[in-house]
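In the numbering used here, the protein residues as written are 80 to 325.
Don't be surprised by glycine CBs; every beta carbon is placed ideally from N, CA and C.
From a predicted model like this one, the values you see are computed outputs, not experimental measurements.
Working notes, beginning with the structure itself.
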Ligand code: SF4
């Protein structure tokens with residue numbers, strides 16, 4: 080999070096915040112979280128996964144964060160941004176861990192904003208509830224479905240993510256599927272398996288993201304070499320034709 084993040088440390092006793100997503104911070108302006116649009120980004124607190132490459136590890140633990148803005152404060156500020164921003168993006172942590180996300184999204188939509196969700200898809204039931212209200216989804220696919228517990232640390236997570244992914248693909252909502260690649264976590268065989276699984280689900284576009292050291296707390300991962308091999312990408316395109324490496 081950059082310098083334009085709003086924090087309040089004094090309102091966790093506000094009962095209304097218990098009924099709405101625990102907010103870790105708000106980025107007032109982003110041009111990269113909703114392609115072609117300007118948005119604010121709301122970071123929610125809490126994620127059950129423990130991905131080694133996580134660049135927001137301070138948002139993993141549940142409950143209130145040490146830096147908290149209340150939902151009413153966020154809404155009050157968003158009301159001043161109408162006409163200046165296209166959308167509001169919910170990011171984490173994992174926003175769908177909060178059942179109250181649906182209410183939060185409805186309130187943001189009522190202000191006239193488009194709504195974006197960045198998610199790991201770990202909560203298919205909650206994801207299904209918010210999906211009809213979303214305008215764009217950034218969906219992380221982390222590994223072959225069978226290897227998900229190795230990457231996330233969450234037993235059974237692969238099946239849940241697959242269920243969310245299938246829901247999203249059948250909804251025809253605009254989206255981006257992206258995978259963070261570090262050679263210590265995903266082998267070439269893993270990526271080929273992922274490409275085959277995505278092909279079977281009808282996916283035609285896939286973004287491979289180079290590992291980003293910024294914020295990563297895993298020093299072994301940060302210190303180790305990683306690269307995305309061009310020949311491998313060509314091979315993956317045999318399964319998913321449109322692959323972007325960034
Ligand atoms: S799912 Fe996202 S927020 Fe959660 S640990 Fe993994 S990278 Fe971090």
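Item to check | residue 309 versus residue 315 - alpha carbon distance | outcome: For the purposes of this step, residue 309 is identified with residue 230 of the chain shown, where counting begins at 1. For the purposes of this step, residue 315 is identified with residue 236 of the chain shown, where counting begins at 1. Between residue 309 and residue 315, the C-alpha separation is close to 10 Å.
Checklist entry - Nearest-angstrom Cα distance between residue 182 and residue 201? => result Within the chain shown, residue 182 is the residue found at index 103, counting from 1. Within the chain shown, residue 201 is the residue found at index 122, counting from 1. One C-alpha to the other measures close to 19 Å.
Checklist entry - Hey, how far is the Cα of residue 234 from the Cα of residue 159? => result Within the chain shown, the letter at position 155 stands for residue 234. Within the chain shown, the letter at position 80 stands for residue 159. Cα to Cα, residue 234 sits roughly 43 Å from residue 159.
Checklist entry - Rounded to a whole number of angstroms, what is the C-alpha to C-alpha distance between residue 334 and residue 104? => result Outside the displayed span of the chain (80 to 325) sits residue 334, for which this structure offers no information.
Item to check | Ordered list of beta strand (DSSP E) runs contained in the segment 187-230, each at least 3 residues | outcome: 193-198, 215-219
Checklist entry - Mind checking residue 273: buried by the 16 CB within 10 Å criterion, or exposed? => result Position 194 of the chain shown, counted from the start, is the residue given in the question as residue 273. Buried, by the Cβ-count rule.
Item to check | residue 255: first and last residue of the uninterrupted beta strand (DSSP E) it sits in | outcome: Position 176 of the chain shown, counted from the first residue, corresponds to residue 255. Residue 255 -> beta strand (DSSP E) spans 254-260.
Item to check | residue 320 versus residue 151 - alpha carbon distance | outcome: As a first step, residue 320 must be located in the chain shown, where it is residue number 241. As a first step, residue 151 must be located in the chain shown, where it is residue number 72. If you take the alpha carbons of residue 320 and residue 151, they lie about 44 Å apart.
Checklist entry - Of the choices 110, 223, 106, whose alpha-carbon is the least far from that of residue 156? => result For this step, residue 156 is matched to residue 77 along the chain shown. Comparing Cα positions, the closest option is 106.
Item to check | Three-state secondary structure assigned by DSSP to residue 124 | outcome: In the chain shown, counting from the first residue as 1, residue 124 sits at position 45. Three-state DSSP puts residue 124 in coil, outside helix and strand.
Item to check | Cα-Cα separation, residue 111 to residue 287 | outcome: Along the chain shown, read from residue 1 onward, the residue named residue 111 stands at position 32. Along the chain shown, read from residue 1 onward, the residue named residue 287 stands at position 208. In a straight line, the C-alpha of residue 111 is about 16 Å away from that of residue 287.
Checklist entry - For residue 323 versus residue 280, is the C-beta spacing smaller than 8 Å? => result Here residue 323 corresponds to residue number 244 of the chain shown, with the count starting at 1. Here residue 280 corresponds to residue number 201 of the chain shown, with the count starting at 1. No. Outside cutoff.
Checklist entry - From 168, 298, 218, pick the residue whose C-alpha is nearest to that of residue 136; which is it? => result Translated into positions along the chain shown, residue 136 becomes position 57. Checking every option, the nearest Cα to that of residue 136 belongs to 298.
Next on the checklist: In this structure, how does DSSP classify residue 106 when only helix, strand and coil are distinguished?
Outcome noted: By 1-based counting over the chain shown, the position of residue 106 is 27. In the structure shown, residue 106 sits in a strand (DSSP, three-state: E or B).
Checklist entry - If you count every other CB in all the chains shown that lies within 10 Å of the CB of residue 108, and 16 or more means buried, which is it? => result For the purposes of this step, residue 108 is taken as residue 29 along the chain shown, with counting starting at 1. That one is exposed.
Checklist entry - Which residues mark the beginning and the end of the beta strand (DSSP E) in which residue 168 is found? => result Position 89 of the chain shown, counted from the start, is the residue given in the question as residue 168. 166-170 is the extent of the beta strand (DSSP E) around residue 168.
Checklist entry - Should residue 222 go down as buried or exposed, given a rule of 16 or more other Cβ atoms within 10 Å for buried? => result In the chain shown, counting from the first residue as 1, residue 222 sits at position 143. That one is buried.
Next on the checklist: Would residue 231 and residue 130 qualify as a contact pair, given that the criterion is a beta-carbon distance under 8 Å?
Outcome noted: In the chain shown, residue 231 corresponds to position 152, counting from 1. In the chain shown, residue 130 corresponds to position 51, counting from 1. It is a contact, given that the beta carbons lie within the stated cut-off.
Checklist entry - So what's residue 325 in DSSP terms, helix, strand or just coil? => result Taking the first residue of the chain shown as 1, we reach residue 325 at position 246. It is coil, neither helix nor strand.
Checklist entry - Since residue 325 contacts residue 284 with CB under 8 Å, what's their CB separation in whole angstroms? => result Position 246 of the chain shown, counted from the first residue, corresponds to residue 325. Position 205 of the chain shown, counted from the first residue, corresponds to residue 284. So it is not a contact: roughly 13 Å between Cβ atoms.
Checklist entry - Is there at least one non-hydrogen atom of the ligand SF4 closer than 7 Å to the beta-carbon of residue 138? => result Here the question's residue 138 lines up with position 59 in the chain shown. Yes; taking the cut-off as 7 Å, the Cβ of residue 138 has a heavy atom of the ligand SF4 nearer than that.
Next on the checklist: Measuring only the C-alpha atoms, how far is residue 237 from residue 301?
Outcome noted: To locate residue 237, count along the chain shown from 1; it is residue 158. To locate residue 301, count along the chain shown from 1; it is residue 222. Spanning the two alpha carbons is a distance of roughly 25 Å.
Next on the checklist: Ignoring anything shorter than 4 residues, give me the alpha helix (DSSP H) runs that lie fully in the segment 293-321, in order along the chain.
Outcome noted: Contiguous alpha helix (DSSP H) elements confined to the segment 293-321 occur at 298-302, 309-315, taking only those with 4 or more residues.
Item to check | Cα-Cα separation, residue 123 to residue 173 | outcome: Residue mapping note: residue 123 aligns to position 44 of the chain shown, counting from 1. Residue mapping note: residue 173 aligns to position 94 of the chain shown, counting from 1. Rounded to whole angstroms, residue 123 to residue 173 spans 7 Å at the Cα level.
Next on the checklist: Quick check on residue 81: does DSSP put it in helix, strand or coil?
Outcome noted: If you number the chain shown from 1, residue 81 lands on position 2. Note on residue 81: pLDDT 37, under 50, position unreliable in the model; the coordinate value appears next. In the three-state scheme derived from DSSP, where H, G and I count as helix and E and B as strand, residue 81 is classed as coil.
Item to check | As assigned by DSSP and simplified to three states, the class of residue 287 | outcome: Along the chain shown, one-based indexing puts residue 287 at 208. Correct three-state label for residue 287: strand.
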